[in-house]
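Input: a single structure, listed below in structure tokens.
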């Protein structure tokens with residue numbers, strides 16, 4: 001084995017160290033995407049997705065070059081490794097890779113225009129305690145105008161640093177907002193359970209309960225209430241899974257006001273002030289003025 005020194009670059013991800021921690025970015029990769037899309041001279045946008053944007057499956061004429069659309073959408077998926085702020089927007093355009101239409105292409109171009117204005121952004125990882133896991137989960141009930149499936153999203157913090165995030169359309173139609181929200185809770189509880197087991201294998205066990213924040217009061221109530229209701233029969237497996245984790249003390253599901261629900265950025269388009277606030281909370285920011293590692 002060869003010691004190549006400090007870790008600086010891996011699979012398109014640049015790692016810069018300084019006294020504040022590490023900064024992970026894909027600036028060169030993002031610049032290549034912009035160049036491939038032929039929009040280097042276009043104006044940038046403040047958000048990657050329109051506030052009220054819903055993309056139906058078969059609206060508008062087919063794109064001239066569907067191969068380019070799929071290539072750019074796939075490239076944007078890889079960019080989400082250091083850009084959680086574009087995860088929801090990329091998830092939306094990837095839903096239509098099988099039959100891309102002009103409105104879908106316009107949405108994809110908006111993402112790239114947003115990246116153009118924030119090309120230096122990346123994730124800051126700061127030295128912090130890893131004794132706690134905190135998660136935020138949300139769902140956009142029946143948000144898909146074509147299938148009426150809900151979109152659930154979550155983000156997971158290890159200490160003060162974000163380590164996992166997701167935006168995904170649910171596999172089945174939810175008959176109520178509670179059902180959609182609780183499925184989102186089950187998804188993030190499964191993710192945090194895997195993370196707890198991983199840390200245990202790395203000899204860094206988490207002794208405190210994982211805190212899961214959800215802005216749906218009914219979903220929070222279901223996590224501890226043993227009484228079954230008619231409307232919960234469709235999510236009975238998820239209910240028992242979450243309650244089991246709550247009962248053994250691994251998880252606590254708590255309510256959080258929508259103004260502090262960071263997972264909103266993974267389920268819907270947001271206004272510029274709210275998007276910017278949540279983006280900063282996820283530690284997606286430009287690099288600091290200096291990125292020289294103190295130990296070098």
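Numbering (the UniProt record's numbering), first residue to last: 1 to 296. Glycine is no exception: its CB is placed at the ideal position from the N, C-alpha and C atoms.
Asked: Three-way DSSP call (helix, strand, coil) for residue 274 in this model; Found: helix
Asked: Whether residue 153 touches residue 266 by CB criterion (8 Å); Found: yes
Asked: Through-space distance from residue 259 to residue 182, alpha-carbon basis; Found: 19 Å
Asked: Residue 124 classed as buried or exposed, judged by whether at least 16 other C-beta atoms fall within 10 angstroms; Found: buried
Asked: Any alpha helix (DSSP H) of 4 or more consecutive residues that is wholly inside the region 80-163; Found: 87-94, 102-117
Asked: Spatial distance of residue 31 from residue 203 (CA atoms); Found: 39 Å
Asked: Residue 261 classed as buried or exposed, judged by whether at least 16 other C-beta atoms fall within 10 angstroms; Found: buried
Asked: Length of the line joining the Cα atoms of residue 277 and residue 50; Found: 17 Å
Asked: Residues that residue 16 bridges to, as DSSP identifies them; Found: 23
Asked: Straight-line Cα distance separating residue 165 from residue 64; Found: 33 Å
Asked: Same chain, Cβ closer than 6 Å to residue 177, neighbours up to 5 away in sequence not counted; Found: 141
Asked: Validate contact between the region 94-104 and the region 33-50 using beta carbons, cut 8 Å, 3 pairs; Found: no
Asked: Straight-line Cα distance separating residue 254 from residue 24; Found: 31 Å
Asked: Backbone CA spacing between residue 315 and residue 59 [nearest angstrom]; Found: Past the boundaries of the shown model lies residue 315; the chain is included only from 1 to 296, so the question cannot be answered.
Asked: Distance between residue 139 and residue 149 (C-alpha atoms, nearest Å); Found: 10 Å
Asked: Three-state class that DSSP yields for residue 67 in the structure shown; Found: helix
Asked: Terminal residues of the beta strand (DSSP E) in which residue 8 lies; Found: No beta strand (DSSP E) holds residue 8; DSSP gives it neither H nor E.
Asked: Exposure label - residue 208; buried when at least 16 CB within 10 Å; Found: exposed
Asked: Given residue 92 as reference, the closest of 219, 79, 108 once Cα atoms are compared; Found: 108
Asked: Residue 45 and residue 117 closer than 8 Å at C-beta; Found: yes
Asked: CA nearest to the CA of residue 190, picked from 240, 224, 288, 268; Found: 240
Asked: First through last residue of the beta strand (DSSP E) which encompasses residue 255; Found: 251-255
Asked: Option nearest residue 172 by Cα separation, candidates 130, 79, 235; Found: 235
Asked: Beta-carbon proximity check, residue 48 vs residue 145, cutoff 8 Å; Found: no
Asked: Cβ pair residue 284, residue 85 closer than 8 Å; Found: yes
Asked: Reference residue 135, options 174, 94, 212, 89, closest by Cα; Found: 212
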